[in-house]
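J.: Dropping the structure in here first, questions after.
Number of protein chains: 4
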Amino acid sequence: METCRAGIVGAAGYTAGELLRILASHKTAEISYLASDSFSGTSVGTMHPQLKNLVDVEVKTYDCKEIAKNCDVVFLAKPHPSSFRYAKELLEEGLKVIDLSGVFRFRNVEVFEEWYGVKHEHPELISESVYGLPEFYHEEIRRARLIANPGCYPTGVILGLAPLMSEEIVEIEGIVINAASGFSGAGRSKKNDNNLAANVVGNISPYRVTDHPHTPEIEQELGKLGGGSMQEMKVTFVPHVAGFERGIFSTMYLRLRERGNSMDSRFRGNDKGDVDGRGSGNDKHGLINQTAAGSPANRATTDGLYKLYSEFYRGKPFVRICAGGRETQIKNVVYTNFCDIGVEVNERTGTVIVATALDNLIKGASGQAIQNMNIMMGYDEKEGL
Amino acid sequence: METCRAGIVGAAGYTAGELLRILASHKTAEISYLASDSFSGTSVGTMHPQLKNLVDVEVKTYDCKEIAKNCDVVFLAKPHPSSFRYAKELLEEGLKVIDLSGVFRFRNVEVFEEWYGVKHEHPELISESVYGLPEFYHEEIRRARLIANPGCYPTGVILGLAPLMSEEIVEIEGIVINAASGFSGAGRSKKNDNNLAANVVGNISPYRVTDHPHTPEIEQELGKLGGGSMQEMKVTFVPHVAGFERGIFSTMYLRLRERGNSMDSRFRGNDKGDVDGRGSGNDKHGLINQTAAGSPANRATTDGLYKLYSEFYRGKPFVRICAGGRETQIKNVVYTNFCDIGVEVNERTGTVIVATALDNLIKGASGQAIQNMNIMMGYDEKEGL
Amino acid sequence: METCRAGIVGAAGYTAGELLRILASHKTAEISYLASDSFSGTSVGTMHPQLKNLVDVEVKTYDCKEIAKNCDVVFLAKPHPSSFRYAKELLEEGLKVIDLSGVFRFRNVEVFEEWYGVKHEHPELISESVYGLPEFYHEEIRRARLIANPGCYPTGVILGLAPLMSEEIVEIEGIVINAASGFSGAGRSKKNDNNLAANVVGNISPYRVTDHPHTPEIEQELGKLGGGSMQEMKVTFVPHVAGFERGIFSTMYLRLRERGNSMDSRFRGNDKGDVDGRGSGNDKHGLINQTAAGSPANRATTDGLYKLYSEFYRGKPFVRICAGGRETQIKNVVYTNFCDIGVEVNERTGTVIVATALDNLIKGASGQAIQNMNIMMGYDEKEGL
Amino acid sequence: METCRAGIVGAAGYTAGELLRILASHKTAEISYLASDSFSGTSVGTMHPQLKNLVDVEVKTYDCKEIAKNCDVVFLAKPHPSSFRYAKELLEEGLKVIDLSGVFRFRNVEVFEEWYGVKHEHPELISESVYGLPEFYHEEIRRARLIANPGCYPTGVILGLAPLMSEEIVEIEGIVINAASGFSGAGRSKKNDNNLAANVVGNISPYRVTDHPHTPEIEQELGKLGGGSMQEMKVTFVPHVAGFERGIFSTMYLRLRERGNSMDSRFRGNDKGDVDGRGSGNDKHGLINQTAAGSPANRATTDGLYKLYSEFYRGKPFVRICAGGRETQIKNVVYTNFCDIGVEVNERTGTVIVATALDNLIKGASGQAIQNMNIMMGYDEKEGL
C-alpha cells in the first residue's frame, strides 16, 4: 500500500490536534505539512502539548506551492470563511482536499448563505464536493477530489435517523432533535462564553435554539435519504452545551405513522395475530407487535426497529446498535470513531425515541475526516481509527 | 409568629439533608425530631458530615407517639412504599404531614398502582391530600393536613408548561419532554448504577425511556390545569442522568396551534398588520408576530409568550422568566428554590421550546417541602429559602 | 439589634455575588449601595443571574459621598490596586471598611511591595488595619475600622497550622503546603487561562510554584502566632488549580520535633509507660503514644493532636476537627463558612499531615467578610452564615 | 517481526479494558485468550461496551492448559492475592507473564507481607521477577519471564525522583509526595466509596494517609536507584482521590543539599562567578545559579535541574520534561503512555518541587504492561502506544 502525504491547514485547533494524534499512528499516511498562522515557526508541542514527542513536524505558514510539493491530501481545519480560498487553490494544484468547515456541505448555495450569513465565494465547487458521511457515500467519496466533512451534530443525527427515513415509518413533520455537546465543540477561543469553566462545569444550557446552522445540513441530508416528499423536511433542532469535554448526545423524537400501503411491514406491528409474520405476506421477520391488547398493532415496535437498524448498518464498522436506555452513552464512544445508536418505541404516545452518541472531535470531525481519507486513498476504512 | 416544631422521618437521605440545612437557618421552625432506622443513636454529623455543628439533634428510631408529642409537622423523606403507614399514623395523631414520596400524588389509584407497581395501602387518604405545588395550589396547601410533595421532574415540567395549558396555544398531542437530571437524583444507594462515578462523570445517558413513573404525574397535573380535553393528555417523557451533581434541566417541545376562536390573541400573531395590536380588538398588548412575510401570523411568538409567562407567574416568588437560550441554565438555580423558565418559538417549524432549570434537591424536593410548610403554618412563603 | 446598611464596591465579581447572596437573608444587615463600573445602571440580575429576584438593588458607579450617606459598612471587592484609594476615602467619611484585596494584610510594606509588585499608596493605614481572621483576632476585629480580609489560601493554611505553631511540636523549617483550588478562585476574567474549561475540566496543574503572593501572608500570620523564632519562618507553598468550581483543599506536611523541655506533653508520646498520663506530671490527658514498641515515644501522636486541635478551636463555630483521611473533603464545606481540619501523624517518617478544606468563596472570602461584619457590628458571629 | 499471542486473565477490570483497547490496534500482537470468572461465556462488548466491534474474542474461564496452548504471553490483571497461583502455573507452562498486581514487586517478602497483609505464596518467584519500569530495567525486562508491572502511583513518583536520586542533590530524609488520582484508580467495585459519584465529583480528599501499600514500593525502587545510604529511605506519601476519571498528578518536595564533594556541579550553583561554568572545572554546562545575590549558590537551580532531567531521560520515548508550573498537567497525558515531569527550585526555602503527570490506566498500568511486552518480544518499545 502506497503511503500518502497529508497536510493540515489550520493546525492549531482541536480538530487539527485530533487529526495529528490519529495520523501519528496511521500505518500508511504521514504528516508532511502543517500550516498555522499563529503558531508558524513553533513546534507541534507548542500548539498541542499533549502531542509533544509524538508528532515532530515543523509548523509553517500556508504556502500553496509548498503544500502542493509535499502533500497528496490536505485537511482544511480552518473556521469556515477562509476555506473558500484554500480549497480552490489546493484543488487547482491537483491535491485532494478534505474540508472540515461547513462551506461545501450545501447543495443549495442560498441555504448556505442564509444560515451562515456569508457569501459563498466558490459556488462552482459545490457540484463536485461530496458530503463525507462514509456510511452513505462510500463510493462517491472514493472518487472525490473535495470532501465536505460533515458537522459534528449532523453526523450523529443523520446516522440516527437515516434508517427511519428510508421506510414509511414516521411522520416527516414535527421531528424533534435535542442534542447536548461537550464544550470542546466550541473550540479554543477564549471569546466564546461556552469555553469558560464557570459557564459549563456542572451546567447545561441550550444555545442558538432556533437558528443553529447545522439545522439545514441535517434537513438536506435527511431529505436526500428520504427522497420524495421528505426533501422539504424541516426539523426542530436544539443544541445544548454541557459540562463534559468530549461527546455529543442526541435524543430524537419522531411520531410513528400508521401503516401505509408501501411500507415494509417487517418493522412494525400488524393486526393479524400472525406470530411469525409469515402469514401477513410481508412481515417476513416477525418483528411486529402483537402482544399488547388494544395497542396500535400497525406501527413499528422497539424490537422491529432494533432489527431494522441492525440490518441497515450491517457492514458499517463505525456504527453500533445498542439495546436502548442507558446502553447508549457518551462514555462508550469518547476517543473512538464509533457512533452508537439506541432506538425505542413509546407505544403509549406513538413516538420513536432515537438516541445517538459520538465523540464530537472524532466521528464528529477528525476521525471521520481520516475515514474519508482512507477511502479516498484506497486504504482500509478503519486504518488508524 | 409562633414557632413550629418539625420532625423528619427518613433523616439519612439527600432530601432530608437539604431539609435539615434549610431548617437550620429558618426563623420560625425548629427541628424537633429526627428518625432514621439505619442511623438511630448517631448524630446528624454522622449521617450528613456537611451539617456537623450546624444541626445538633439526636437521631432516633421512628416512634409515632414520641413524634406526636414533639412535632407539629412531619416531613416523610422515605422511599415510597413506607410512606403509607407513616402518613396514616401521623395524621391520626393530629400532625400535619408533608410526604416527599409519590404515594399521595395521584387522584387515580389505578394509575399509581400501574406505574409504581405496588398496591396503594391507604387510598382513603388520597381525597384529602393536596398536590404541593404552591404556584397553583396555595390556598389548598394552606388548609391541608397532608401534602403530596411533587416529584423533581414534574415540578420543572409542570411549571414550564402550565402557562401554555391554560391557553389554546399548543397541540395537546405530541408533547415531548427531554430532561437531564444530576446524579443526586438517584439518591445515596450504591446499588444504583447511576451513582457510580465511572457511569456519570463526563457522561449523559437516558434511562427508563418509556416508563418513568413521573410521566403520569406530569400528565395528571397538566391535564388538570388545562381542563377539558387536556385531561386525557399523554406526554413523551425521556429522563437522562448527567454528570453534574445537582439540577434538572428540561427542554420541552410543543407544536403551535393555529388560532382558535376562544384563544386570547395577545400571545400570538395575527394577520391584520396591526402593529400595536389595538385594532384587532383582542390583541391588546401587540404581542403578535407581524414581521416575517409569509410566516404563520396566527400563532404565538417568542415575545408574546415571554409576556404570557411573565404575567402568568407575576407574584410567584420562585419562578423566574428568562430571555431564552443560554439564560436558562442549571448554574443559576443550584442551591436555590427558583425554577427558571425560558421560552422560544421556532417559527420555521411551528414549535414552542420551553426550557426549565431547578435544583432537584431544593425546588424539586426539600425547598418546595419547606415552602409548603411555610404556607401551611402561615409563615412568609419565602422564609428560609 | 440595630440594622446596619452595607455597601459593596466592585459588585460584579464572584466574591461580591457571594456577599449579596449571604446578605440577602441576613436578619440585621441590608444592602444599601452597589457600585460597579462595568455594570452601573443595570440590575443585580444582570451581573449575577442567579440572584435575580433575590436582591433588588440598583447598581451605581462609585460615589464616595453617596456611599457615606447610605452605608455604615462597605465591602471592597475590587482587584488589589484600586483598594488603596477607596479604603482611604471611605474611612475618611467615617465608614467601616472590609477590604477583600491583599493591600492591607501586610505589617511590612516592603514585603507587600515585593510580592505584589506595586507600590503601597497608603502605608499609614496599615497600622490600624486588622487581619480579619476571627478565630484569632475577634477582639481586634470588634474594634476595627479597617479589616484586611484574609486570602483564600491563607485562611485554610493558617487555621490548619495554628495549633501546631503555639506548641513546640514541629520543626519551623521545611513546612510544605500543597494546595488545590477550584477554578472560581481565578475570578471571572476570560483572560485568565485558569478559567478556560478545556484547561481545568478533568485536570489539575500547579501554578506560581515559587512566587504566589499568598506565601508571605501565610508566613507573617503563622510567625505571629508562633512568636519568637517562628517570626522568620519560610514555607514552601505550591498552589494548584483543579477541575472543581468551589473549594480549597490544603495538605500540609511538618516534621515532628523531639520533646523539648517547655512543651506540653499532653499532645505527644512519652517513655514512661504511664497509661493515663497522670504519673508523668504534665501528660494530664493521657494522649501520649505508648503502644508501638520502638516508636519515638517522645513525639506527638494522631490522637494527641486530635485533642489538641479540638481544644484549640473549642468555641470557634466555623472550625470543625475531623478524624482524618477521607473525612476532610471539599464536599462537606462547599456553600458553608466552615473550615474542616484533619490531622494525622505518620510515625514511620515523623511527619504531621494536616488537611484543611473550605469554600474559597465563603470562608475563603465573602463568608469570612460577613463574619467580620457581624463582629464589628456586635451581631451574632454566625448570623447569615 | 513474528506476531505474539497475548492472553488476559481478569479481563473485566479497567486495566484489562485498556489492554484490550491497545492490543486491538497493535501491529504484531493478537488477543488470543480472555479469561474472566464473572463474564465467562459473554462477549467483550458485555464487559467493556466501549470495545464492542473493536475486539471480538470469546470470554472464557481460566484454564491453564488452554492458555498455554493459545498464548505466548499472559497479562494477569487480577486483584493481588489470586496472582500467586496464576503466575506460578503459567510460568510452569513456559509462558511469559506480566503481572499487574503488587505481589511480585518486592525484593523483601516481609515488606510485602506487612503492607499487603497477606502471606506470600510463592516467594521463590521473587528472585526472577523483574520490576517492569522500562526506563530503568530495559535489559532485564528483555530477558525476563515474569514482570512485576509497577503500581500507578510509584510509576509517576519514581520517574519523577529518579534523576535526583542518582546525584547528591537532595536530602534523603523528609521527602514529601502529595499525589492525586482519578477515581478510575479505585476500580469498578461498587463497594468502594471512592467510586460513588457523590463522593468524588467536585471533590478531593486524602485516603490511607499513612499506610498506602505503594509507599514501600516507592521506597524500594528509589533506594535501589540511589544506592548506598538511600537504600533505607523513608518517604511520606499521601494519596488523594480527585474528581477526574483518569490520571495521577504527583507533587513532590525535597530539600536541596549543600554541595558535597562528589556531586556533579553542573546541576547546581557555585560561588565562582563563572558565568558559563567552564572555569569551575566541573560546571561544564553553566547551569549553576549565580544571579541572586545572597542565594545559596551551592545548590541546584531550576535551569540546572531541567538540563539534568532532560539528559537523564534522553532516548526514553515516554518521558517528557516540561518547563514547570502549569505545563505539567493531567490533560496532556490522558489516553497516552507519557509521563510528564516538571521540576522547579524554590530558592527561598531550598526546596525542589517535582511534579509528574501520567494516565493511571496507561503509563500507570496497561500501557506500561504493553511497553514491557514489546520489549520482551523484541518489538519497537512504542508499538501500539
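For the record, the sequence lines run as chains A, B, C and D.
The opening residue of the first sequence carries number 517 in the working numbering; numbering runs sequentially from there.
The opening residue of the second sequence carries number 517 in the working numbering; numbering runs sequentially from there.
The opening residue of the third sequence carries number 517 in the working numbering; numbering runs sequentially from there.
The opening residue of the fourth sequence carries number 517 in the working numbering; numbering runs sequentially from there.
Each residue gets a CB set at the ideal place from its N, CA and C atoms; glycine is no exception.
Just so you know, these numbers come straight off a predicted model, no measurement behind them.
Quick check: what's the CA-CA separation for G820/D versus K576/A?
T.: Position 304 of the fourth sequence, counted from the start, is the residue given in the question as residue 820/D. Position 60 of the first sequence, counted from the start, is the residue given in the question as residue 576/A. Computed Cα separation, rounded: 32 angstroms.
J.: Specify the secondary structure class of H730/B as computed by DSSP and reduced to three states.
T.: Residue mapping note: residue 730/B aligns to position 214 of the second sequence, counting from 1. Residue state, collapsed to three classes: helix.
J.: Rounded to the nearest angstrom, what separates R815/B and R773/B at their Cα positions?
T.: The residue you call residue 815/B lines up with position 299 of the second sequence. The residue you call residue 773/B lines up with position 257 of the second sequence. Between R815/B and R773/B, the C-alpha separation is close to 7 angstroms.
J.: How many Å lie between D579/B and I663/C at the Cα?
T.: Numbered from 1 along the second sequence, position 63 holds the residue referred to as residue 579/B. Numbered from 1 along the third sequence, position 147 holds the residue referred to as residue 663/C. Each residue's Cα considered, the two are about 51 angstroms apart.
J.: Whose C-alpha, out of K635/C, Y822/C, K543/C, V571/C, is nearest the C-alpha of L533/C?
T.: Taking the third sequence and counting its residues from 1, one reaches residue 533/C at position 17. In the sequence under discussion, the amino acid at residue 533/C is Gly, which differs from the Leu named in the question. The residue with the shortest Cα to Cα distance from G533/C is V571/C.
J.: Less than 7 angstroms between C-beta atoms, sequence neighbours within five positions excluded: which residues of the same chain meet that for E843/A?
T.: In the first sequence, counting from the first residue as 1, residue 843/A sits at position 327. Closer than 7 angstroms at the Cβ level, and outside the excluded window around E843/A, lie G858.
J.: Our contact map puts M768/B next to I688/B with C-beta atoms below 8 angstroms; I'd like the distance itself, whole angstroms only.
T.: In the second sequence, the residue the question calls residue 768/B occupies position 252. In the second sequence, the residue the question calls residue 688/B occupies position 172. At roughly 13 angstroms, the Cβ-Cβ gap does not stay under 8 angstroms, so M768/B and I688/B are not in contact.
J.: Beta-carbon within less than 8 angstroms of F753/A's beta-carbon, same chain only, minus the 5 sequence neighbours each way: which residues are those?
T.: The residue you call residue 753/A lines up with position 237 of the first sequence. Within the same chain, F753/A has close Cβ partners Y669, V673, I693, A695, H728, H730, T731, I734.
J.: Taking R659/C as the reference, give the member of K612/C, K635/C, E683/C with the closest Cα.
T.: The residue you call residue 659/C lines up with position 143 of the third sequence. Looking at the Cα atoms, K612/C is the closest of the given residues.
J.: Taking C-beta to C-beta, are G648/D and I657/D nearer than 7 angstroms?
T.: Here residue 648/D refers to the residue found at position 132 when the fourth sequence is read from its first residue. Here residue 657/D refers to the residue found at position 141 when the fourth sequence is read from its first residue. Going by C-beta atoms, G648/D is nearer than 7 angstroms to I657/D.
J.: Tell me the rounded alpha-carbon separation between Q736/B and F628/B.
T.: Walking along the second sequence from the start, residue 736/B turns up at place 220. Walking along the second sequence from the start, residue 628/B turns up at place 112. Each residue's Cα considered, the two are about 11 angstroms apart.
J.: Which first and last residues belong to the beta strand (DSSP E) in which G703/A is found?
T.: Here the question's residue 703/A lines up with position 187 in the first sequence. Per DSSP, G703/A belongs to no beta strand (DSSP E) and is neither H nor E.
J.: Please report the straight-line C-alpha distance between S681/C and A551/B, rounded to a whole angstrom.
T.: Position 165 of the third sequence holds residue 681/C. Position 35 of the second sequence holds residue 551/B. Correcting the residue type first, residue 681/C is Met in the shown sequence and not Ser. Rounded to the nearest angstrom, the two C-alpha atoms are 42 angstroms apart.
J.: So for P670/D, helix, strand or coil by DSSP?
T.: As a first step, residue 670/D must be located in the fourth sequence, where it is residue number 154. In this structure, P670/D counts as helix in the three-state DSSP scheme.
J.: For the region 709-727 of chain C, which residues have a CB atom closer than 9 angstroms to at least one CB atom of chain A, in sequence order?
T.: Residues D709, N710, N711, L712, A713, A714, N715, V716, V717, G718.
J.: Determine the contact status of G698/D and F600/D, defining contact as a CB-CB distance below 7 angstroms.
T.: As a position in the fourth sequence, residue 698/D is number 182, starting the count at 1. As a position in the fourth sequence, residue 600/D is number 84, starting the count at 1. Taking 7 angstroms as the Cβ cut-off, G698/D and F600/D do not qualify as a contacting pair.
J.: Excluding the 5 residues preceding and the 5 following P650/A in the sequence, name in chain order all residues of the same chain whose CB lies nearer than 7 angstroms to its CB.
T.: The residue given as residue 650/A occupies position 134 in the first sequence. Excluding sequence neighbours, P650/A sits near I657, Q887, N888, I891, E897.
J.: Can you tell me the Cα-Cα spacing of Y459/A and V725/B, whole angstroms?
T.: No answer is possible for residue 459/A: the residues shown for chain A start at 517 and end at 901.
J.: Measuring alpha carbon to alpha carbon, tell me which of L567/B, E582/B, Q566/B ends up nearest V525/B.
T.: One-based indexing of the second sequence puts residue 525/B at position 9. Checking every option, the nearest Cα to that of V525/B belongs to E582/B.
J.: State buried or exposed for D787/C, treating a residue as buried only when at least 16 other CB atoms are found within 10 Å of its CB.
T.: Here residue 787/C is taken as the residue at index 271 of the third sequence, counted from 1. Because D787/C carries a pLDDT of 41, less than 50, the predicted location of this residue cannot be relied on, and the following value inherits that uncertainty. With fewer than 16 other Cβ atoms within 10 Å, it is exposed.
J.: Tell me which residue opens and which closes the beta strand (DSSP E) that N694/A is part of.
T.: Taking the first residue of the first sequence as 1, we reach residue 694/A at position 178. Start and end: 691-697.
J.: Is the beta carbon of V861/B sitting closer than 7 angstroms to the one on T818/B?
T.: As a working note, residue 861/B is residue 345 in the second sequence. As a working note, residue 818/B is residue 302 in the second sequence. Yes, the Cβ-Cβ distance between V861/B and T818/B is below 7 angstroms.
J.: Between which two residues does the alpha helix (DSSP H) carrying C580/D extend?
T.: Translated into positions along the fourth sequence, residue 580/D becomes position 64. It spans 580-586 - the alpha helix (DSSP H) in which C580/D sits, taken as one unbroken run.
J.: For the alpha helix (DSSP H) that contains K568/B, what are its first and last residues?
T.: Translated into the one-based positions of the second sequence, residue 568/B becomes position 52. Careful: K568/B lies outside any alpha helix (DSSP H) and carries neither H nor E.
J.: Once DSSP output is grouped into helix, strand and coil, what is the label at N888/D?
T.: Taking the first residue of the fourth sequence as position 1, residue 888/D is located at position 372. The answer is helix: DSSP assigns N888/D an H, G or I state.
J.: I need the DSSP call for I538/A, collapsed to helix, strand or coil.
T.: Taking the first residue of the first sequence as 1, we reach residue 538/A at position 22. Looking at I538/A - three-state DSSP - the assignment turns out to be helix.
J.: Nearest to S556/A by CA position, among E637/A, I538/A, H542/A, A528/A, is which residue?
T.: Counting from one through the first sequence, the residue named residue 556/A turns up at place 40. Looking at the Cα atoms, A528/A is the closest of the given residues.
J.: Identify the contact partners of L628/B in chain D, using a Cβ-Cβ distance below 8 angstroms as the criterion.
T.: In the second sequence, the residue the question calls residue 628/B occupies position 112. The question names Leu, yet the displayed sequence has Phe at residue 628/B. Those do not exist, as F628/B stays about 29 angstroms from chain D at its closest Cβ, beyond 8 angstroms.
J.: So what's D615/B in DSSP terms, helix, strand or just coil?
T.: Counting from one through the second sequence, the residue named residue 615/B turns up at place 99. In this structure, D615/B counts as strand in the three-state DSSP scheme.
J.: When the Cα atoms are used, what is the spatial distance from R521/A to R661/A?
T.: In the first sequence, residue 521/A corresponds to position 5, counting from 1. In the first sequence, residue 661/A corresponds to position 145, counting from 1. If I take the Cα positions, the gap works out to 15 angstroms.
J.: Are the Cβ atoms of N719/B and Q845/A separated by less than 7 angstroms?
T.: The count along the second sequence starts at 1 and reaches residue 719/B at position 203. The count along the first sequence starts at 1 and reaches residue 845/A at position 329. In this structure, Q845/A lies closer than 7 angstroms to N719/B by Cβ.
J.: Nearest chain E C-beta to F854/A closer than 7 angstroms, yes or no?
T.: You won't find chain E in this structure, because its protein chains are A, B, C and D.
J.: Is the distance from the Cβ of F828/A to the Cβ of P679/A below 7 angstroms?
T.: Indexing the first sequence from 1 puts residue 828/A at position 312. Indexing the first sequence from 1 puts residue 679/A at position 163. Result yes, Cβ atoms of F828/A and P679/A sit closer than 7 angstroms.
J.: Could you check which residue in D856/A, G894/A, G610/A has the C-alpha nearest to that of H654/A?
T.: Here residue 654/A refers to the residue found at position 138 when the first sequence is read from its first residue. Nearest of D856/A, G894/A, G610/A to H654/A, Cα basis: G894/A.
J.: For S882/C and E899/A, what's the separation of their Cα atoms in angstroms?
T.: Within the third sequence, residue 882/C is the residue found at index 366, counting from 1. Within the first sequence, residue 899/A is the residue found at index 383, counting from 1. Each residue's Cα considered, the two are about 55 angstroms apart.
J.: Can the beta-carbon of G690/C be found closer than 7 angstroms to that of R771/C?
T.: Along the third sequence, read from residue 1 onward, the residue named residue 690/C stands at position 174. Along the third sequence, read from residue 1 onward, the residue named residue 771/C stands at position 255. For G690/C and R771/C, yes; Cβs fall inside 7 angstroms.
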